[in-house]
Amino acid sequence: KQWYQRRVAITAGDLGVCSKGTKLCTSGNQCISIATMCDGTVNCDDGSDEDSDFCTEYECPPYQRKCDGNKCLPQWNLCDSEPDCEDESDEDPAFCAAYQCPGGKSKCADGMQCLPKKLFCNGGEPQCADGSDESVEKCGEKKGGGKNVIEKGKGTRIPKRVKEERVIKLTKEEKRRKLEEQEKEDKVPEPEPVVPVDP
Numbered sequence: 148k149q150w151y152q153r154r155v156a157i158t159a160g161d162l163g164v165c166s167k168g169t170k171l172c173t174s175g176n177q178c179i180s181i182a183t184m185c186d187g188t189v190n191c192d193d194g195s196d197e198d199s200d201f202c203t204e205y206e207c208p209p210y211q212r213k214c215d216g217n218k219c220l221p222q223w224n225l226c227d228s229e230p231d232c233e234d235e236s237d238e239d240p241a242f243c244a245a246y247q248c249p250g251g252k253s254k255c256a257d258g259m260q261c262l263p264k265k266l267f268c269n270g271g272e273p274q275c276a277d278g279s280d281e282s283v284e285k286c287g288e289k290k291g292g293g294k295n296v297i298e299k300g301k302g303t304r305i306p307k308r309v310k311e312e313r314v315i316k317l318t319k320e321e322k323r324r325k326l327e328e329q330e331k332e333d334k335v336p337e338p339e340p341v342v343p344v345d346p
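With the first letter of the sequence shown counted as 1, position 16 gets the number 163 in the working numbering; the numbers rise by one all the way through.
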């Protein structure tokens, strides 16, 4: 295992070849991950992975998109409302409107921004530019620690804890009402005061 790591991360060995998912630097003695090719950060000791001419011709992997003509940007950074490309093509409205968010992300209501799914309806500050990730339309009324209580297509779903609280309150209310009724039934009317009659 140590030999394998050394071969992939440091040298390409005597044969000058790299393992799957890595690419040989121009020097011929170093392999780097394909995901780091033309990503704006020099990874090869000779800098060949960020050579302008090479990156202009280089075809980015399917999980990346080329921007600025010579930079490969990960899909996770596309349409996140924060430009990562100098030409801002990663946030181009026409591109983002048609773009399908990668796994783990969902689009905001305006269809222009991809946001991690865990940030939707989390009770925090809106992260979508249009605020839709925390909107009533998306999340419904929140009860029980900010949990979403609306289940799409099934109306209102009340969390178990809230249900239990309601049952307790109803039980207390019923007990109070019954106690008041019992007190009224058991209460003996006070005798009317005797008014002395003058002779």
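We treat Cβ as the ideally placed atom computed from N, Cα and C, and that holds for glycine.
| Item | Value |
| --- | --- |
| Counting only the same chain and skipping the five closest in sequence on each side, list residues whose C-beta sits under 7 Å from that of Trp223. | Pro249 |
| Could you tell me the alpha carbon to alpha carbon distance between Ala182 and Asp215, rounded to whole angstroms? | 17 Å |
| Rank Lys213, Ala241, Cys243 and Tyr246 by C-alpha distance to the C-alpha of Glu233 and give the top, closest one. | Lys213 |
| Just confirm the distance between the C-beta atoms of Cys243 and Leu262, as a whole number of angstroms; I'd bet it's less than 8 Å. | The pair is not a contact, with the Cβ atoms about 12 Å apart (cut-off 8 Å). |
| So Pro249 is in the alpha helix (DSSP H); what residue range does that whole segment cover? | Here Pro249 belongs to no alpha helix (DSSP H), and DSSP marks it neither H nor E. |
| Determine the contact status of Cys226 and Asp237, defining contact as a CB-CB distance below 8 Å. | yes |
| Which residue from Tyr210, Asn190, Thr188 and Cys219 puts its Cα closest to that of Thr203? | Cys219 |
| Could you say which of Lys285, Gly187, Ser195 and Gly168 lies nearest to Gly175 if we only look at CA atoms? | Ser195 |
| How many Å lie between Lys170 and Asn217 at the Cα? | 17 Å |
| Starting from the N-terminal side, write out each stretch of the beta strand (DSSP E) that is 3 residues or longer and does not extend beyond the stretch 174-246. | 178-180, 211-214 and 218-221 |
| Determine, using beta carbons only, whether Lys264 and Gly251 come nearer to each other than 8 Å. | yes |
| Exposed or buried, which one is Tyr246 when buried takes at least 16 other CB atoms within 10 Å? | buried |
| Applying the criterion that 16 or more other CB atoms from any shown protein chain within 10 Å of the CB defines a buried residue, is Glu281 buried or exposed? | buried |
| Out of Glu330, Met184 and Thr188, which has the shortest C-alpha to C-alpha gap to Gln211? | Met184 |
| Assuming the contact rule is C-beta atoms closer than 8 Å, Cys191 and Cys165 should be a hit. Round their C-beta distance to whole Å, please. | Not a contact, Cβ separation roughly 12 Å. |
| For Ser228, collect the residues of the same chain with a Cβ closer than 6 Å to its Cβ; drop the 5 residues on either side in sequence, then sort them by chain order. | Gln260 and Ala276 |
| May I ask you to report which of helix, strand or coil DSSP gives Lys167? | coil |
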